[in-house]
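Data block below; observations after.
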Amino acid sequence: MSKILIIEDEEAIAELEKDYLELSDFEVDIETDGAQGLERALSGNYDLYILDLMLPGISGFDICRQIRENKDVPVLMVSARKDDIDKIRGLGLGADDYITKPFSPSELVARVKAHLARYERLVGTGLEKNSVLEIRGLKIDKTARRVWVNGKETQFTTKEFDLLAFLAQHPDRVFTKEELFREIWNMESFGDIATVTVHIKKIREKIEFDSSRPQYIETVWGVGYRFKA
Ligand code: CA
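Residue numbers (our numbering): 3 to 231.
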């Protein structure tokens, strides 16, 4: 069931929206105060936001901007004034839709459904395209962070997993130890790059049939490592 947060100071309108959305099986929360609404928007796990532009305390503009910085789910902005809608469109706040009051509740429900369906499509295709890598007997699920070697699930530490997934995503490219250290340990390469060598060794012990003759991660002498496609 999708969860929706309505931030709207006119309680009668908020309640009407909530009633209609609940009839369509959505779970709905209401906040009538801007600041509290923002706090709930950022801390809660909602699938869509319906946001009134004119709110006491903090404006819908600011709330929209802060939601956008933290969440990628749909935001529908509502305003009583057509002028305001034109203005906020121009500001590029990142709202997904703008609705002028008064609107019919069934129109609101239709728009909510359309945006949720569109969002789910986007997320769904993104996952299918990127989440599972299969290279010969090795299967890496990046979303679930799980690895199978010849059908058997194998445990990896966080850094081992990150390193393996990074190399497997860039097959046939040679990376130096410095590059890998920067990429995976996320800092300048003044640290101890020997840690890369240690992690490669551990990964090989888990994925290679014979780690002295690796079939997946090759050593390119004097340069670094390459994942064989
Ligand atoms: Ca208002």
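Glycine is no exception: its CB is placed at the ideal position from the N, C-alpha and C atoms.
Because the structure is a prediction, the values reported are computed rather than measured.
Rounded to whole angstroms, the separation of the alpha carbons of residue 138 and residue 198 is 24 angstroms. Using a 10 angstroms sphere on the CB of residue 24, the tally of other CB atoms stays under 16, which defines it as exposed. Relative to the Cα of residue 195, the nearest Cα in the group 226, 16 and 67 belongs to 226.
DSSP, reduced to helix, strand and coil, places residue 62 within a helical segment of the structure shown. One alpha carbon belongs to residue 218, the other to residue 36, and they sit about 54 angstroms apart.
A straight-line Cα-Cα distance of about 15 angstroms links residue 61 and residue 77. If you check the C-beta of residue 56 against ligand 1, you find a heavy atom less than 7 angstroms away.
Residue 112 and residue 43 have their alpha carbons spaced roughly 22 angstroms apart. For residue 12, the CB falls within less than 7 angstroms of some heavy atom of ligand 1. DSSP links residue 151 through a beta bridge to 140 and 154. Bounds of the beta strand (DSSP E) holding residue 53 are 50-54. Taking the C-beta atoms as reference points, residue 101 is found no nearer than 8 angstroms to residue 51. The alpha-carbon separation between residue 154 and residue 213 amounts to approximately 18 angstroms. Here residue 83 carries a coil assignment [DSSP, helix/strand/coil]. When only Cα atoms are considered, residue 183 and residue 171 end up about 16 angstroms apart. Rounded to the nearest whole angstrom, the CA to CA distance from residue 7 to residue 67 is 16 angstroms.
In this structure residue 142 is not in contact with residue 161, their Cβ atoms being roughly 15 angstroms apart against a cut-off of 8 angstroms. For residue 203, the enclosing alpha helix (DSSP H) has its first and last residue at 196-209.
Around the beta-carbon of residue 85, fewer than 16 other beta-carbon atoms lie within 10 Å, marking it exposed.
Within the same chain, Cβ atoms closer than 7 angstroms to the Cβ of residue 59 are found at 35, 36 and 37, the five residues on either side in sequence being excluded. A buried status is given to residue 80, since no fewer than 16 other beta-carbon atoms sit within 10 Å of its beta-carbon.
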